[in-house]
Amino acid sequence: MFKAIEKTNRIYFSTLNLTVYFSVFILFSLILLPLFSSYVNGGAAFLRFTSLYRDITLVTALVFVLVGLISLLSLSFFISAIISVVKLRETLDHVKFTKAVSTFTRYVVKVFMFFVLMSALSIAVGVLLSIVGAPVAITQLALFVVWIPFVFTPQVLIIEDLDIADAMRDALKFVKKAPQALVLYFLLGFVFTLALVVIETYLGQYFIWEHKIASIVLLSLFVVPYLQMFATELYIRRYAVSTI
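Residue numbers (this note's numbering): 34 to 277.
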(Lines of atoms letter the chains of each structure in order from A; the text may use other names.)
(Lines give C-alpha, C1' and ligand atoms only; values in the text may rest on other atoms or scores of the structure.)
Protein backbone atom coordinates (compact mmCIF):
# COMPACT_ATOMS: atom_id res chain seq x y z
CA MET A 34 0.00 0.00 0.00
CA PHE A 35 2.72 2.46 0.98
CA LYS A 36 4.56 1.85 -2.29
CA ALA A 37 1.35 2.53 -4.21
CA ILE A 38 0.75 5.72 -2.22
CA GLU A 39 4.33 6.85 -2.79
CA LYS A 40 4.00 6.35 -6.54
CA THR A 41 0.57 8.00 -6.55
CA ASN A 42 2.00 11.03 -4.73
CA ARG A 43 4.79 11.32 -7.28
CA ILE A 44 2.46 11.10 -10.27
CA TYR A 45 -0.17 13.42 -8.77
CA PHE A 46 2.20 16.27 -7.98
CA SER A 47 4.11 15.90 -11.25
CA THR A 48 0.85 16.20 -13.22
CA LEU A 49 -0.92 18.77 -11.05
CA ASN A 50 -1.19 21.31 -13.88
CA LEU A 51 -2.89 18.72 -16.06
CA THR A 52 -5.23 17.79 -13.23
CA VAL A 53 -6.28 21.40 -12.73
CA TYR A 54 -6.81 21.84 -16.46
CA PHE A 55 -9.06 18.80 -16.79
CA SER A 56 -11.14 19.64 -13.71
CA VAL A 57 -13.71 21.52 -15.79
CA PHE A 58 -16.43 19.12 -14.65
CA ILE A 59 -16.55 21.14 -11.40
CA LEU A 60 -18.61 23.71 -13.30
CA PHE A 61 -21.11 21.12 -14.44
CA SER A 62 -21.38 19.76 -10.90
CA LEU A 63 -22.29 23.25 -9.73
CA ILE A 64 -24.89 23.57 -12.48
CA LEU A 65 -26.41 20.23 -11.55
CA LEU A 66 -26.90 21.07 -7.86
CA PRO A 67 -29.93 23.41 -8.09
CA LEU A 68 -31.98 20.83 -10.01
CA PHE A 69 -34.60 18.96 -7.99
CA SER A 70 -34.01 18.53 -4.27
CA SER A 71 -30.31 17.78 -4.34
CA TYR A 72 -27.95 18.30 -1.45
CA VAL A 73 -24.20 18.40 -0.98
CA ASN A 74 -22.21 16.60 1.67
CA GLY A 75 -18.51 15.88 1.73
CA GLY A 76 -18.05 17.59 -1.61
CA ALA A 77 -20.44 15.28 -3.46
CA ALA A 78 -23.91 16.00 -4.77
CA PHE A 79 -26.73 13.62 -3.86
CA LEU A 80 -30.23 13.39 -5.30
CA ARG A 81 -33.38 12.93 -3.29
CA PHE A 82 -34.89 10.23 -5.47
CA THR A 83 -38.47 11.04 -4.47
CA SER A 84 -38.10 14.24 -6.51
CA LEU A 85 -37.46 12.19 -9.64
CA TYR A 86 -41.01 10.83 -9.69
CA ARG A 87 -43.01 13.35 -7.62
CA ASP A 88 -41.84 16.82 -8.61
CA ILE A 89 -40.29 16.31 -12.04
CA THR A 90 -41.67 18.00 -15.16
CA LEU A 91 -40.82 17.44 -18.81
CA VAL A 92 -38.66 20.57 -18.95
CA THR A 93 -36.71 19.79 -15.78
CA ALA A 94 -36.31 16.18 -16.93
CA LEU A 95 -34.80 17.28 -20.25
CA VAL A 96 -32.50 19.78 -18.55
CA PHE A 97 -31.48 17.20 -15.96
CA VAL A 98 -30.64 14.60 -18.63
CA LEU A 99 -28.74 17.12 -20.77
CA VAL A 100 -26.69 18.56 -17.92
CA GLY A 101 -26.17 15.09 -16.47
CA LEU A 102 -24.82 13.75 -19.76
CA ILE A 103 -22.51 16.74 -20.19
CA SER A 104 -21.29 16.31 -16.63
CA LEU A 105 -20.68 12.58 -17.14
CA LEU A 106 -18.87 13.24 -20.42
CA SER A 107 -16.61 15.79 -18.74
CA LEU A 108 -15.99 13.40 -15.87
CA SER A 109 -15.20 10.61 -18.34
CA PHE A 110 -12.72 12.83 -20.16
CA PHE A 111 -11.10 13.79 -16.87
CA ILE A 112 -10.83 10.24 -15.50
CA SER A 113 -9.64 8.84 -18.84
CA ALA A 114 -6.88 11.45 -18.91
CA ILE A 115 -5.84 10.65 -15.33
CA ILE A 116 -5.72 6.88 -15.90
CA SER A 117 -3.91 7.32 -19.22
CA VAL A 118 -1.24 9.44 -17.52
CA VAL A 119 -0.59 6.69 -14.95
CA LYS A 120 -0.61 4.03 -17.68
CA LEU A 121 1.97 5.90 -19.75
CA ARG A 122 4.13 6.70 -16.74
CA GLU A 123 4.22 3.01 -15.83
CA THR A 124 4.98 1.70 -19.32
CA LEU A 125 7.28 4.44 -20.65
CA ASP A 126 6.75 2.82 -24.04
CA HIS A 127 6.74 5.03 -27.15
CA VAL A 128 4.58 2.58 -29.08
CA LYS A 129 2.02 2.44 -26.28
CA PHE A 130 2.20 6.24 -25.95
CA THR A 131 1.37 6.65 -29.63
CA LYS A 132 -1.46 4.13 -29.33
CA ALA A 133 -2.84 5.78 -26.18
CA VAL A 134 -2.94 9.18 -27.86
CA SER A 135 -4.58 7.82 -31.01
CA THR A 136 -7.21 5.87 -29.07
CA PHE A 137 -7.89 8.39 -26.29
CA THR A 138 -11.24 9.43 -27.77
CA ARG A 139 -12.32 5.79 -27.79
CA TYR A 140 -11.29 5.49 -24.13
CA VAL A 141 -13.42 8.50 -23.24
CA VAL A 142 -16.44 7.13 -25.10
CA LYS A 143 -16.20 3.74 -23.39
CA VAL A 144 -15.79 5.26 -19.91
CA PHE A 145 -18.69 7.63 -20.66
CA MET A 146 -20.98 4.77 -21.73
CA PHE A 147 -20.03 2.85 -18.58
CA PHE A 148 -20.93 5.84 -16.38
CA VAL A 149 -24.21 6.35 -18.25
CA LEU A 150 -25.09 2.68 -17.75
CA MET A 151 -24.25 2.71 -14.04
CA SER A 152 -25.95 6.08 -13.46
CA ALA A 153 -29.15 4.86 -15.13
CA LEU A 154 -29.06 1.70 -13.04
CA SER A 155 -28.44 3.72 -9.86
CA ILE A 156 -31.33 6.09 -10.59
CA ALA A 157 -33.64 3.16 -11.33
CA VAL A 158 -32.70 1.43 -8.07
CA GLY A 159 -32.96 4.67 -6.09
CA VAL A 160 -36.37 5.61 -7.48
CA LEU A 161 -37.73 2.08 -7.01
CA LEU A 162 -36.62 1.96 -3.37
CA SER A 163 -38.05 5.44 -2.78
CA ILE A 164 -41.40 4.38 -4.23
CA VAL A 165 -41.62 1.43 -1.85
CA GLY A 166 -40.65 3.70 1.06
CA ALA A 167 -37.23 2.25 1.82
CA PRO A 168 -35.15 4.20 4.37
CA VAL A 169 -32.41 6.43 2.98
CA ALA A 170 -29.75 4.22 4.58
CA ILE A 171 -31.09 1.17 2.71
CA THR A 172 -31.09 3.10 -0.57
CA GLN A 173 -27.51 4.23 -0.05
CA LEU A 174 -26.45 0.68 0.83
CA ALA A 175 -28.14 -0.67 -2.30
CA LEU A 176 -26.36 1.89 -4.49
CA PHE A 177 -23.08 0.99 -2.82
CA VAL A 178 -23.68 -2.68 -3.63
CA VAL A 179 -24.48 -1.77 -7.25
CA TRP A 180 -21.21 0.11 -7.73
CA ILE A 181 -18.72 -1.80 -5.58
CA PRO A 182 -18.06 -4.75 -7.94
CA PHE A 183 -17.19 -2.39 -10.79
CA VAL A 184 -15.00 0.21 -9.07
CA PHE A 185 -11.99 -0.68 -11.22
CA THR A 186 -13.87 -0.79 -14.53
CA PRO A 187 -12.47 2.55 -15.82
CA GLN A 188 -8.96 1.23 -15.16
CA VAL A 189 -9.73 -2.00 -17.04
CA LEU A 190 -11.31 -0.14 -19.96
CA ILE A 191 -8.16 1.91 -20.52
CA ILE A 192 -5.32 -0.34 -19.39
CA GLU A 193 -6.68 -3.52 -20.99
CA ASP A 194 -8.55 -1.74 -23.81
CA LEU A 195 -11.57 -4.05 -23.48
CA ASP A 196 -15.18 -3.38 -24.38
CA ILE A 197 -17.58 -2.41 -21.60
CA ALA A 198 -19.07 -5.85 -20.92
CA ASP A 199 -15.68 -7.58 -20.83
CA ALA A 200 -14.21 -4.78 -18.72
CA MET A 201 -16.99 -5.09 -16.14
CA ARG A 202 -16.45 -8.84 -15.97
CA ASP A 203 -12.70 -8.38 -15.64
CA ALA A 204 -13.14 -5.72 -12.94
CA LEU A 205 -15.38 -8.08 -10.98
CA LYS A 206 -12.82 -10.85 -11.41
CA PHE A 207 -10.08 -8.53 -10.14
CA VAL A 208 -12.10 -7.59 -7.05
CA LYS A 209 -12.68 -11.27 -6.27
CA LYS A 210 -9.01 -12.13 -6.81
CA ALA A 211 -7.59 -9.10 -4.96
CA PRO A 212 -10.19 -7.93 -2.41
CA GLN A 213 -7.42 -6.18 -0.48
CA ALA A 214 -7.13 -3.69 -3.35
CA LEU A 215 -10.81 -2.81 -2.97
CA VAL A 216 -10.42 -2.49 0.80
CA LEU A 217 -7.41 -0.19 0.43
CA TYR A 218 -9.23 1.94 -2.13
CA PHE A 219 -12.30 2.41 0.06
CA LEU A 220 -10.19 2.90 3.18
CA LEU A 221 -8.34 5.80 1.57
CA GLY A 222 -11.59 7.10 0.11
CA PHE A 223 -13.19 7.01 3.57
CA VAL A 224 -10.29 8.98 5.06
CA PHE A 225 -10.57 11.62 2.33
CA THR A 226 -14.35 11.84 2.64
CA LEU A 227 -14.13 12.17 6.42
CA ALA A 228 -11.58 14.96 6.01
CA LEU A 229 -13.89 16.76 3.55
CA VAL A 230 -16.84 16.47 5.94
CA VAL A 231 -14.74 17.89 8.79
CA ILE A 232 -13.56 20.78 6.62
CA GLU A 233 -17.07 21.44 5.34
CA THR A 234 -18.53 21.36 8.86
CA TYR A 235 -15.87 23.74 10.15
CA LEU A 236 -16.31 26.22 7.30
CA GLY A 237 -20.08 25.94 7.67
CA GLN A 238 -19.79 27.90 10.91
CA TYR A 239 -18.63 30.95 8.95
CA PHE A 240 -20.35 30.65 5.56
CA ILE A 241 -23.90 30.08 4.36
CA TRP A 242 -23.21 28.11 1.17
CA GLU A 243 -19.67 28.93 0.04
CA HIS A 244 -18.24 26.03 2.06
CA LYS A 245 -20.19 23.62 -0.16
CA ILE A 246 -18.39 24.94 -3.24
CA ALA A 247 -15.05 24.72 -1.43
CA SER A 248 -15.62 21.03 -0.69
CA ILE A 249 -16.61 20.36 -4.31
CA VAL A 250 -13.42 22.06 -5.52
CA LEU A 251 -11.31 19.98 -3.12
CA LEU A 252 -13.09 16.83 -4.26
CA SER A 253 -12.46 17.65 -7.90
CA LEU A 254 -8.89 18.91 -7.69
CA PHE A 255 -7.55 16.40 -5.20
CA VAL A 256 -9.78 13.56 -4.02
CA VAL A 257 -11.13 12.26 -7.35
CA PRO A 258 -7.86 12.44 -9.34
CA TYR A 259 -5.79 11.08 -6.46
CA LEU A 260 -8.15 8.15 -5.86
CA GLN A 261 -8.23 7.34 -9.57
CA MET A 262 -4.43 7.37 -9.71
CA PHE A 263 -4.32 5.20 -6.59
CA ALA A 264 -6.89 2.78 -8.04
CA THR A 265 -4.82 2.53 -11.23
CA GLU A 266 -1.68 1.75 -9.25
CA LEU A 267 -3.58 -0.90 -7.27
CA TYR A 268 -4.90 -2.45 -10.47
CA ILE A 269 -1.43 -2.60 -12.03
CA ARG A 270 -0.34 -4.69 -9.03
CA ARG A 271 -2.10 -7.68 -10.60
CA TYR A 272 0.88 -8.03 -12.92
CA ALA A 273 4.03 -9.64 -11.55
CA VAL A 274 6.25 -7.14 -13.37
CA SER A 275 4.77 -4.26 -11.41
CA THR A 276 7.03 -2.60 -8.86
CA ILE A 277 4.19 -1.18 -6.80
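Where a beta carbon is used, it is the ideal one built from N, C-alpha and C, also for glycine. Small disclaimer: the values here were computed from a predicted structure and weren't measured.
- Leu251 is a Cβ neighbour of Leu229, given a cutoff of 8 Å.
- By the Cβ neighbour-count rule, Asp203 is buried, with 16 or more other Cβ atoms within 10 Å of its own.
- Between Leu254 and Ser56, the C-beta spacing is below 8 Å.
- The Cβ atoms of Val141 and Phe110 sit closer than 8 Å to each other.
- For Ser152, the enclosing alpha helix (DSSP H) has its first and last residue at Phe137 to Ile164.
- Buried is the label assigned to Lys245, since at least 16 other Cβ atoms lie within 10 Å of its Cβ.
- Listed in chain order, the alpha helix (DSSP H) runs fully inside the stretch 215 to 268 are 243 to 251, counting runs of at least 4 residues.
- Ranking Val189, Glu233 and Gly159 by CA distance to the CA of Phe207 puts Val189 first.
- Between Phe147 and Pro187, the C-beta spacing is below 8 Å.
- Taking a cut-off of 8 Å on C-beta distances, the stretch 225 to 244 does not touch the stretch 150 to 160, as fewer than three cross pairs fall below it.
- Your pair Glu266 and Lys120 does not check out as a contact, with CB atoms roughly 11 Å apart and the cut at 8 Å.
- Rounded to the nearest whole angstrom, the C-alpha separation of Val149 and Ile112 is 14 Å.
- The C-beta of Ile192 has 16 or more other C-beta atoms within 10 Å across all chains shown, which makes the residue buried.
- 8 Å or more divides the Cβ of Leu174 from the Cβ of Phe145.
- Shown here, Pro187 sits in a helix according to DSSP, grouped into three states.
- Bounds of any alpha helix (DSSP H) do not take in Ile181, whose DSSP letter is neither H nor E.
- Cβ neighbours of Leu51 within its own chain (closer than 8 Å, five residues either side excluded): Ala114 and Val118.
- By alpha-carbon distance to Thr136, the top candidate from Asp194, Val178 and Pro168 is Asp194.
- DSSP places Leu195 outside both helix and strand once states are collapsed to three, so it counts as coil.
- Cα atoms of Met201 and Phe263: separation of roughly 19 Å, rounded to the nearest angstrom.
- In this structure, Phe183 places its C-beta atom within 8 Å of the C-beta atom of Leu205.
- A residue is called buried when at least 16 other Cβ atoms come within 10 angstroms of its Cβ; Thr90 does not meet this threshold and is exposed.
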